[in-house]
Amino acid sequence: MGYLLFVTLIQAFSFSLIGEYLAGHVDSYFAVLVRVVLAGLVFIPLTRWRSVEPAFMRGMLLIGALQFGVTYVCLYLSFRVLTVPEVLLFTILTPLHVTLIEDALNRRFNPWALIAALVAVAGAAVIRYDRINPDFFMGFLLLQLANFTYAAGQVLYKHLVAKHPSDLPHYRRFGFFYLGALAVALPAFLLFGKSNFLPEAPLQWGVLVFLGLVSTALGLYWWNKGACLVNGGTLAVMNNLHVPVGLLLNLLIWNQHEELGRLFLGGCVILAAVWISRLGIRQSAPIAPPETR
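Under UniProt numbering, residues 1 to 293 are what the sequence shown spells out, in order.
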């Protein structure tokens with residue numbers, strides 16, 4: 001779970017960077033494209049092309065298109081009508097998407113995972129439920145599409161790696177992810193991008209470089225690798241931990257006026273959801289038969 005916790009901090013910080021320095025100033029499609037290109041420059045040179053099964057390549061292209069391409073186009077568009085706290089609020093349904101997709105792929109119903117996801121949603125809802133602007137319906141729909149594709153990508157990656165085991169380390173097969181993301185980001189920019197809204201200030205370029213190299217390259221790689229090491233319930237809960245962390249960072253760095261009491265309470269509820277998820281693992285673990293002599 002260490003990978004997921006570290007990436008949670010990166011994600012939480014990235015939300016504020018997007019909302020404060022890019023939203024409304026830099027074209028959304030261009031920002032997504034730059035992030036994909038920078039991340040691809042990190043991983044594509046490390047990718048083994050001939051040692052990877054074609055089925056795995058196709059799966060990674062699809063996952064990249066979903067988990068980054070569609071997800072981040074919708075996310076950046078949502079910042080046009082929502083504030084950073086509102087975006088964080090509307091991502092609270094991601095755990096439900098993770099749980100439902102995971103159970104659908106495994107053809108099972110796991111009550112512990114669903115309970116953990118619901119508790120996580122409740123914890124995030126405690127933090128912020130008011131002051132929604134009039135355009136929140138559009139933002140809500142965009143973010144639910146982003147939530148679904150982000151959840152689908154990480155769950156599909158976990159299953160794809162299990163289905164196609166390899167002696168190669170994860171990073172040797174991860175470059176295909178960014179090619180799939182590029183297949184969405186590049187046409188989106190060419191069709192809908194606005195060339196008069198490109199970065200002008202050095203700070204905006206600096207933010208894009210950070211988001212591309214750290215959030216997109218290392219962050220998504222570590223997140224997907226961590227997703228392979230935990231169960232579906234824990235993965236669902238970890239998708240929500242960025243909400244209290246993101247709000248806390250937004251409060252401390254950009255001085256947004258949030259209620260600390262609700263922030264603390266909601267964070268505690270989400271941590272309780274992690275405990276419920278872990279409890280579910282122990283409850284569902286098979287009991288070893290007694291030793292016979």
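Just so it is clear, CB atoms sit at the ideal spot from N, CA and C, and this is done for glycine as well.
- Taking C-beta separations shorter than 7 Å and ignoring five residues to either side along the sequence, the partners of Val-34 in its chain run Leu-208, Gly-212, following chain order.
- DSSP places Glu-102 in the uninterrupted alpha helix (DSSP H) bounded by 94 to 106.
- Distance between Gly-59 and Tyr-157, taken at the CA atoms: about 8 Å.
- Sequence-distant Cβ neighbours of Leu-46 in its own chain, meaning closer than 7 Å and more than five residues away, are Tyr-171, Arg-172, Gly-175.
- With a threshold of 16 other beta carbon atoms within 10 Å, Gly-226 meets it and is buried.
- Here DSSP, grouped into helix, strand and coil, assigns Leu-156 to helix.
- With a cutoff of 8 Å on beta-carbon distance, Thr-94 and Tyr-3 are scored as not near each other.
- Here Asn-240 carries a coil assignment [DSSP, helix/strand/coil].
- Between Ala-152 and Ile-101, the C-beta spacing is below 8 Å.
- Leaving aside the five residues that flank Val-42 on each side, the residues in its chain whose CB is nearer than 6 Å to its CB run, in chain order, Ala-217.
- The UniProt domain "EamA" (3 to 127) contains, as complete alpha helix (DSSP H) runs of 4+ residues, the segments 28 to 43, 54 to 64, 71 to 78, 84 to 90, 94 to 106, 111 to 127 (chain order).
- Annotated three-state conformation of Gly-246 is helix, per DSSP.
- Just measuring C-alpha positions, the residue of Phe-15, Phe-140, Tyr-72 sitting nearest Tyr-178 is Tyr-72.
- Counting only residues of its own chain and dropping the five nearest sequence neighbours on each side, Phe-140 has a CB closer than 7 Å to the CB of Phe-90.
- Under the three-pair Cβ rule at 8 Å, the segment 231 to 242 counts as touching the segment 113 to 121.
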